[in-house]
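Using the working numbering, the first residue of the sequence shown is number 650, and each one after it goes up by one. Worksheet for the structure shown next.
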Amino acid sequence: MSGAMLEIGDLHVSYGQVDAVRGVSLSLQRGQIVSVIGPNGAGKTTLLAAAMGLLPSKGVLRFDGEDLHGLDVEARVERGLCLVPEKRELFGELTVLDNLQLGAFSKKLRSDALKQRLQSVYDRFPRLAERRGQRADTLSGGERQMLAVGRALMSSPRLLMLDEPSLGLAPLIVREILSIVRTLRDDGVSILLVEQNARAALESSDLGYVLETGEIALSGNSHELAEDPRVQATYLGGGTHDDE
Ligand SMILES: Nc1ncnc2c1ncn2[C@@H]1O[C@H](COP(=O)(O)OP(=O)(O)OP(=O)(O)O)[C@@H](O)[C@H]1O
Ligand SMILES: [Mg+2]
650 MSGAMLEIGD LHVSYGQVDA VRGVSLSLQR GQIVSVIGPN GAGKTTLLAA
700 AMGLLPSKGV LRFDGEDLHG LDVEARVERG LCLVPEKREL FGELTVLDNL
750 QLGAFSKKLR SDALKQRLQS VYDRFPRLAE RRGQRADTLS GGERQMLAVG
800 RALMSSPRLL MLDEPSLGLA PLIVREILSI VRTLRDDGVS ILLVEQNARA
850 ALESSDLGYV LETGEIALSG NSHELAEDPR VQATYLGGGT HDDE
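This is the structure in structure tokens:
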């Protein structure tokens with residue numbers, strides 16, 4: 650037995666003729682933060698979308714030993730999977746509170762349980778509590794990312810998949826978001842973190858995978874990966890280019 654919480658083996662995902670994910674294998678143990686780094690178009694978002702059930706895939710895809718292929722998105726959320734998408738996908742015209750309530754997913758949830766989850770999100774993100782009545786489209790970039798994570802937490806995930814949480818945020822806010830991600834891990838939520846920001850991702854994760862044109866080029870302990878000359882040359886920038 651592998652004991653992995655998430656097991657991906659020789660996974661293939663295509664858009665028509667375009668093979669975006671080509672034989673990816675990856676495994677995540679309970680309690681880990683695993684990062685997937687790689688450049689634009691490497692297939693990172695595609696990989697997460699397939700794991701969430703938003704795209705069909707071929708190969709091994711298991712969560713807690715259960716084959717995910719037969720399960721739709723809602724069933725995967727029920728099992729404890731949740732995705733924070735790259736574009737955040739908030740309802741801009743709705744308030745912070747409304748967005749959070751929509752994240753709870755299950756209509757079966759009792760209202761006291763809903764209140765409890767809401768309170769725990771507010772405890773984690775006091776800024777969301779202060780802004781609970783504010784429209785989502787008036788939040789700052791960092792607050793929007795917090796809301797996207799908070800909304801995902803409303804489904805009580807056991808494995809949270811984050812698609813480029815640092816995208817478009819200032820370095821200080823990136824650090825704040827990633828520190829919240831590590832706190833989540835310490836509280837028992839496993840994390841699959843997709844990032845173009847290789848430095849931040851490797852600093853925050855236990856294991857790392859480098860995805861290039863749909864294939865895993867390198868993988869290993871994050872600290873060791875960060876020391877790897879190939880990773881340094883390509884992803885950690887020897888030179889002095891601007892942060893994106
Ligand atoms: N809806 C689509 N139809 C056709 N091709 C697509 C579609 N979405 C993505 N692709 C292609 O699949 C490949 C992987 O895209 P993907 O969005 O997964 O990359 P990514 O690693 O997330 O990139 P980024 O860092 O820019 O978000 C790219 O070549 C992209 O052009
Ligand atoms: Mg992407």
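Heads up, the beta-carbon is just placed ideally off N, CA and C, and yes, glycines get one too.
Shown here, Leu743 sits in coil according to DSSP, grouped into three states, outside any helix or strand. For a cut-off of 8 Å, the C-beta gap from Ser853 to Leu867 is around 18 Å, too long to register as a contact. A Cβ-Cβ distance of about 15 Å is found for the pair Ile682 and Val823, leaving them out of contact under the 8 Å criterion. For Asn870, the Cβ stays outside the 7 Å cut-off from all heavy atoms of ligand 1. Exclusion of the five residues before and after Tyr771 leaves Leu777, Ala778 as the residues of its chain whose Cβ lies within less than 7 Å of its Cβ. For ligand 1, no non-hydrogen atom lies closer than 7 Å to the CB of Gly672. The closest CA to that of Asp812, considering only Leu827, Leu749, Glu844, is found on Glu844. Residue pairing for Arg671: DSSP places it in a beta bridge opposite His661.
By the beta-carbon neighbour count (other beta carbons within 10 angstroms, threshold 16), Leu655 is buried.
For Asn846, the CB stays at least 7 Å from every heavy atom of ligand 1. Distance from the C-beta of Asn748 to the nearest heavy atom of ligand 1 is not below 7 Å.
In the three-state reduction of the DSSP assignment, Met810 falls in the strand class, which pools E and B.
Annotation for Asn870: Asp855, Leu856, Gly857 place their beta carbon closer than 8 Å to its own, counting only its chain and skipping 5 residues before and after.
Placement of the Cβ of Lys736 at a distance of 7 Å or more from every heavy atom of ligand 2 is found. Inter-residue distance for Tyr884 and Ser789 is about 28 Å (C-alpha atoms, whole angstroms). No heavy atom of ligand 2 is found nearer than 7 Å to the CB of Glu864. Our two residues, Pro814 and Gly719, have alpha carbons roughly 29 Å apart in a direct line. At the C-beta level, Leu833 and Leu808 stay beyond 8 Å of one another. Where Lys707 is concerned, the enclosing beta strand (DSSP E) starts and stops at 707-712. In this chain, Ala866 is not harboured by any alpha helix (DSSP H); it is covered by the beta strand (DSSP E) spanning 864-870. Ranked by Cα distance from Leu763, the first of Phe774, Leu751, Arg773 is Leu751. In the displayed model, Asp835 falls within a helix according to three-state DSSP.
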